[in-house]
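S.K.: This is the structure, below, for whatever I ask next.
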Amino acid sequence: MNNGSARIAGAIVTYGFVGLMAFLSIFPFVWMLLGATNSSIDIIKGKMLPGSALATNISTFFTQVNAPLVFWNSAKIAILATALTLAVSSLAGYGFEMFRSRRRDRIYSALLLTMMIPFAALMIPLFIMMGKVGLINTHLAVVLPSIGSAFVVFYFRQCTKAFPSELRDAAKVDGLKEWQIFLYIYVPVMRSTYAAAFIIVFMTAWNNYLWPLIVLQSNETKTITLVISSLASAYYPDYGVVMVGTILATLPTLAVFFFMQRQFVQGMLGSVK
Amino acid sequence: MDMRTYLPRFAAIALAGASLLAVTSAQAKEITVWCWDPNFNVAIMKEAGARYTKSHPDVTFNIVDFAKADVEQKLQTGLSSGTADALPDIVLIEDYGAQKYLQSFPGAFAPLSGTVDYSGFAPYKVELMTLNGQVYGMPFDSGVTGLYYRKDYLEQAGFKPEDMQDLTWDRFIEIGQQVEAKTGKKMMGLDPTDAGLVRIIMQSAGQWYFDKEGNTNITGNAALKAALETVGKIMSANIYKPAAGWSDWVGTFTSGDVATVITGVWITGTVKAQPDQSGKWGVAPIPALSIDGATHASNLGGSSWYVLESSAEKAEAIEFLNAVYAKDVDFYQTILQDRGAVGSLLAARGGAAYGEADAFFGGEKVWQNFSDWLAKVPSVNYGIFTNEADTAVTAQLPALSQGTPVDEVLKAIDAEVSAQVQ
Chain Y
15 MNNGSARIAG
25 AIVTYGFVGL
35 MAFLSIFPFV
45 WMLLGATNSS
55 IDIIKGKMLP
65 GSALATNIST
75 FFTQVNAPLV
85 FWNSAKIAIL
95 ATALTLAVSS
105 LAGYGFEMFR
115 SRRRDRIYSA
125 LLLTMMIPFA
135 ALMIPLFIMM
145 GKVGLINTHL
155 AVVLPSIGSA
165 FVVFYFRQCT
175 KAFPSELRDA
185 AKVDGLKEWQ
195 IFLYIYVPVM
205 RSTYAAAFII
215 VFMTAWNNYL
225 WPLIVLQSNE
235 TKTITLVISS
245 LASAYYPDYG
255 VVMVGTILAT
265 LPTLAVFFFM
275 QRQFVQGMLG
285 SVK
Chain R
3 MDMRTYLPRF
13 AAIALAGASL
23 LAVTSAQAKE
33 ITVWCWDPNF
43 NVAIMKEAGA
53 RYTKSHPDVT
63 FNIVDFAKAD
73 VEQKLQTGLS
83 SGTADALPDI
93 VLIEDYGAQK
103 YLQSFPGAFA
113 PLSGTVDYSG
123 FAPYKVELMT
133 LNGQVYGMPF
143 DSGVTGLYYR
153 KDYLEQAGFK
163 PEDMQDLTWD
173 RFIEIGQQVE
183 AKTGKKMMGL
193 DPTDAGLVRI
203 IMQSAGQWYF
213 DKEGNTNITG
223 NAALKAALET
233 VGKIMSANIY
243 KPAAGWSDWV
253 GTFTSGDVAT
263 VITGVWITGT
273 VKAQPDQSGK
283 WGVAPIPALS
293 IDGATHASNL
303 GGSSWYVLES
313 SAEKAEAIEF
323 LNAVYAKDVD
333 FYQTILQDRG
343 AVGSLLAARG
353 GAAYGEADAF
363 FGGEKVWQNF
373 SDWLAKVPSV
383 NYGIFTNEAD
393 TAVTAQLPAL
403 SQGTPVDEVL
413 KAIDAEVSAQ
423 VQ
């Protein structure tokens with residue numbers, strides 16, 4: 015009896031806590047969805063019910079924002095950055111784990127240390143570099159600094175530790191060159207790692223704000239995050255329109271996440287061959 | 003598969019990618035402008051540009067809109083890095099931050115004195131962009147303040163529009179108590195995390211957190227002391243409806259919960275956005291303090307245009323600003339009508355839009371009144387650290403509301419600001 019009521023009390027505390035956390039993480043999302051259907055005035059008043067302004071908000075968003083252009087800009091940056099980051103950083107992670115040398119761990123530590131430097135400290139030197147090579151206001155300038163990501167290298171090296179070295183030995187016996195082992199053995203086996211890294215890198219690139227803000231200079235090169243920031247900082251922001259923009263900006267990351275999640279699980283199952 | 007067949011293909015793809023990414027550089031006579039707010043500054047600058055292009059068909063405008071904080075961040079990075087081609091030709095800077103940029107980056111902005119006739123502008127706008135005798139900007143929108151009041155609520159409490167003119171703050175609080183007793187409405191909305199009201203009251207008596215030389219002016223600042231006392235009295239008389247943040251504060255009067263609004267003229271559009279309140283509002287000068295130098299005119303916010311010294315189109319940019327913003331009275335009528343923007347050019351009041359009686363305000367000529375007050379706003383030096391001082395004041399507002407003596411509050415603000423300034 016005593017034991018039972020303690021268990022019930024425990025369950026109440028647990029579920030209460032979990033429920034509260036779920037509410038805290040879901041509420042902003044629900045509020046965003048509701049906000050998109052209300053007029054700015056209703057949102058300010060704190061209306062919590064679906065409204066009738068969705069069509070107006072959507073049409074205002076598409077008249078104020080050159081949506082195809084900004085989404086194309088964001089997509090171009092995110093896809094290029096993801097492809098290049100995965101290519102470069104997975105090679106580096108593979109290399110760090112597979113090849114032994116005396117300086118390997120010192121170089122690796124130095125690489126990890128670069129994660130400690132806040133981006134704000136790198137911003138101005140990076141900006142001067144981009145200015146010198148004439149890349150300011152290009153999407154290349156947004157993509158380039160992100161592709162040698164210390165975090166992704168670290169992630170790939172850690173995952174490579176689980177890569178069965180027998181596979182590499184067997185491939186060598188069969189006469190494969192190192193790049194062939196990487197491309198035909200390592201990449202397919204490490205699909206799950208690539209899927210997880212893809213999600214992380216794509217989301218970071220899509221949501222990237224500070225550096226694109228600094229280096230992009232014109233309406234033609236701007237990304238969706240910059241456009242939403244501009245809409246939201248008006249003296250009288252139209253919050254309904256901001257919510258529509260936020261929802262649209264969230265969709266690609268959501269899609270990538272749900273799509274890659276399946277790949278992720280398949281990769282996990284397939285990795286033990 | 004041979005690696006050699008891959009390499010040229012990779013190179014070709016990489017090259018194609020790079021050329022896709024590159025953006026064509028600006029044409030000869032294109033003036034690039036950075037500013038914020040698509041419905042206000044951006045729209046107004048587009049109107050100005052269109053007017054100039056009509057008489058100068060070879061000049062086009064590229065108005066780039068970023069958030070305000072983003073413009074500041076980009077300007078800061080561009081100036082710090084010394085990468086001149088990364089900067090626009092014209093940039094919008096908030097008045098409170100003007101001296102910070104002018105003093106931190108000497109030589110970065112083009113002086114316009116000599117070209118622009120500054121005697122035509124509200125003096126306080128010119129003063130804030132003056133450094134070492136040179137004037138650097140083109141004065142733009144003003145935040146000249148007014149006391150917006152609900153005629154219907156005040157009438158219920160026994161006050162006529164005449165009773166609302168040229169009040170003192172003490173009288174304002176008395177009226178507030180009677181309004182609440184008779185109508186149940188609070189006198190005003192007040193956001194305890196926003197020092198805007200303190201700034202309004204302080205500037206109305208001709209002082210600021212900094213003196214004319216830029217030294218901190220807090221413990222010996224009679225206007226700041228009186229402003230804090232006034233806010234303290236409003237709080238202890240409990241004639242305000244507390245608001246959490248800007249949107250909530252706007253909600254206090256759009257919902258009809260309060261009888262007055264004291265803020266910059268740019269709020270007019272929001273007040274008028276409630277058609278059911280048409281005819282119920284009046285506008286009077288803000289109350290004055292009872293100290294030396296007190297006036298009924300003040301300012302909240304506002305920003306101005308600056309030309310970058312490094313701009314390739316510097317001469318054209320200055321010529322453009324001078325032709326439209328310093329001379330075109332008709333332009334000011336258009337931006338007042340379309341965007342509710344009150345500029346700082348005093349001659350604008352002579353135009354048709356400024357002369358119109360506004361039915362929303364019961365037929366008052368509100369723009370003429372604002373224009374009168376605009377010329378009377380006391381000039382102060384916003385200095386380099388206005389935002390820091392503001393944060394310090396905001397941090398002390400809770401102590402003030404709990405009845406901490408004003409002198410102690412001032413000392414705490416002074417300590418905070420001195421620590422930040424050094």
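Chains as they are written, first to last, in the numbering used here: chain Y, 15 to 287; chain R, 3 to 424.
Just so you know, even glycine gets a beta-carbon here, dropped at the ideal spot from N, CA and C.
Can you give me the start and stop residues for the beta strand (DSSP E) that R:N425 sits inside?
M.R.: As displayed, chain R neither begins before 3 nor continues past 424, which places residue 425 of chain R out of reach and without an answer.
S.K.: Please tell me whether Y:Y250 has its Cβ less than 8 Å away from any Cβ of chain R.
M.R.: So yes, Y:Y250 belongs to the interface.
S.K.: What is the DSSP secondary structure of R:A296, reduced to helix, strand or coil?
M.R.: Coil.
S.K.: Are there 16 or more other CB atoms within 10 angstroms of the CB of Y:I231, so buried, or fewer, so exposed?
M.R.: Going by the sequence as given, residue 231 of chain Y is Gln instead of Ile. Buried: at least 16 other Cβ atoms inside 10 Å.
S.K.: Using the beta-carbon of each residue, which ones in chain Y are nearer than 8 Å to R:A299?
M.R.: Under the 8 Å cutoff, chain Y gives no residues; its nearest Cβ is about 22 Å from R:A299.
S.K.: State yes or no: is the C-beta of R:Q370 within less than 8 Å of the C-beta of R:R341?
M.R.: No, these two residues do not count as a Cβ contact at 8 Å.
S.K.: Curious, which full-length beta strand (DSSP E) runs of at least 3 residues does the segment 62–127 of chain R contain?
M.R.: For the segment 62–127 of chain R, whole beta strand (DSSP E) runs of length 3 or above, ordered along the chain, are 62–67 and 92–96.
S.K.: Please tell me whether R:M166 and R:A286 are closer than 8 Å, where the distance is taken between their beta carbons.
M.R.: Yes; because the gap between Cβ atoms is below 8 Å, this pair is in contact.
S.K.: May I ask you to report which of helix, strand or coil DSSP gives R:T185?
M.R.: Reduced to three states, the DSSP call for R:T185 is helix.
S.K.: Applying the 10 Å Cβ sphere with the 16-neighbour rule, what's the burial state of Y:A263?
M.R.: Buried, since its Cβ has 16 or more Cβ neighbours within 10 Å.
S.K.: Under DSSP, the beta strand (DSSP E) around R:A286 begins and ends at which residues?
M.R.: Element bounds for R:A286: W283 to A286.
S.K.: Could you check if Y:M130 is buried or exposed, using at least 16 other CB atoms within 10 Å of its CB as the buried criterion?
M.R.: Y:M130 comes out exposed.
S.K.: Interface residues of chain Y around R:V252 at Cβ under 8 Å?
M.R.: Under the 8 Å cutoff, chain Y gives I58.
S.K.: When Cβ atoms are compared, which residues of the segment 91–113 of chain Y fall closer than 7 Å to chain R?
M.R.: Cβ contacts with chain R: none found.
S.K.: Verify the contact flag: R:L104, CB atom, against every heavy atom of the ligand ATP, threshold strictly below 7 Å.
M.R.: By its list of ligands, the structure shown contains no ligand whatsoever, and the ligand ATP lies outside what it can speak to.
S.K.: Check for me: the beta strand (DSSP E) holding R:F142 runs from which residue to which?
M.R.: G139 to R152 is the extent of the beta strand (DSSP E) around R:F142.
S.K.: I'd like to confirm the pairing. Which residues does DSSP put opposite Y:L100 in its beta bridges?
M.R.: Partner(s): none; Y:L100 has no beta bridge.
S.K.: Measuring straight from C-alpha to C-alpha, what distance separates Y:F75 and R:L149?
M.R.: Roughly 35 Å between the two C-alpha positions.
S.K.: Hey, out of R:G247, R:F212, R:Q398 and R:G295, whose CA is closest to R:V379's CA?
M.R.: Residue R:G295 is the option with its Cα nearest to R:V379.
S.K.: On the DSSP bridge assignment, give the partners of R:F212 in chain order.
M.R.: Looking at the DSSP assignment, R:F212 forms a beta bridge with R:T218.
S.K.: Let's see if you can read the secondary structure: which residues bound the alpha helix (DSSP H) around Y:A135?
M.R.: Looking at the DSSP string, the run of the alpha helix (DSSP H) that includes Y:A135 is F133 to K146.
S.K.: Using only CA atoms, which one of Y:P266, Y:L181, Y:L38 and Y:V215 lies nearest to Y:F170?
M.R.: The shortest C-alpha separation from Y:F170 is found at Y:V215.
S.K.: For the beta strand (DSSP E) that R:I33 lies in, which residues bound it at each end?
M.R.: Segment E32 to C37, the beta strand (DSSP E) holding R:I33.
S.K.: List the endpoints of the continuous alpha helix (DSSP H) containing R:I320.
M.R.: Counting along the chain, the alpha helix (DSSP H) containing R:I320 begins and ends at K316 to Y327.
S.K.: Within the 8 Å Cβ cut-off, does R:K243 reach chain Y?
M.R.: Chain Y contact via Cβ: absent.
S.K.: Using 8 Å as the limit for Cβ to Cβ distance, is R:Q339 near chain Y?
M.R.: For R:Q339, the answer is no, since every Cβ of chain Y falls outside 8 Å of its Cβ.
S.K.: Tell me whether R:Y308 sits in a helix, a strand or coil according to DSSP, three-state version.
M.R.: The answer is strand: DSSP assigns R:Y308 an E or B state.
S.K.: Which runs of the alpha helix (DSSP H) at least 4 residues long sit entirely within the segment 195–282 of chain R? Give them in chain order.
M.R.: As far as the segment 195–282 of chain R is concerned, its whole alpha helix (DSSP H) runs of at least 4 residues are 198–206, 224–239, 248–256 and 270–274.
S.K.: Residues in the same chain with beta-carbon distance under 6 Å from R:T270, minus the five sequence neighbours each way, listed in chain order, please.
M.R.: Only G342 meet the Cβ criterion.
S.K.: Quick check on R:W210 - is its C-beta less than 8 Å from some C-beta in chain Y?
M.R.: No, because no Cβ of chain Y sits closer than 8 Å to the Cβ of R:W210.
S.K.: Among residues of its own chain, excluding the 5 on either side of R:T117, which ones have a beta-carbon nearer than 6 Å to its beta-carbon?
M.R.: So the list reads I320 and N324, once near-sequence residues are dropped.
S.K.: Any residues in the segment 129–152 of chain Y with a beta carbon nearer than 7 Å to a beta carbon of chain R? Which ones, in chain order?
M.R.: Hits within the stretch, in order: M137, I138, F141, I142, G145, I150, N151 and T152.
S.K.: Taking the DSSP output, what are the residues bridged to R:T132?
M.R.: Answer by DSSP bridge pairing, in chain order: R:V137.
S.K.: At a Cβ threshold of 8 Å, is R:T256 touching chain Y?
M.R.: True, the Cβ-Cβ gap to chain Y drops below 8 Å.
S.K.: Please classify Y:L154: does DSSP put it in a helix, a strand, or coil?
M.R.: Y:L154: helix per DSSP, three-state reduction.
S.K.: Measure the C-alpha to C-alpha separation of R:T256 and R:A246 and round it to an integer number of angstroms.
M.R.: Between R:T256 and R:A246, the C-alpha separation is close to 15 Å.
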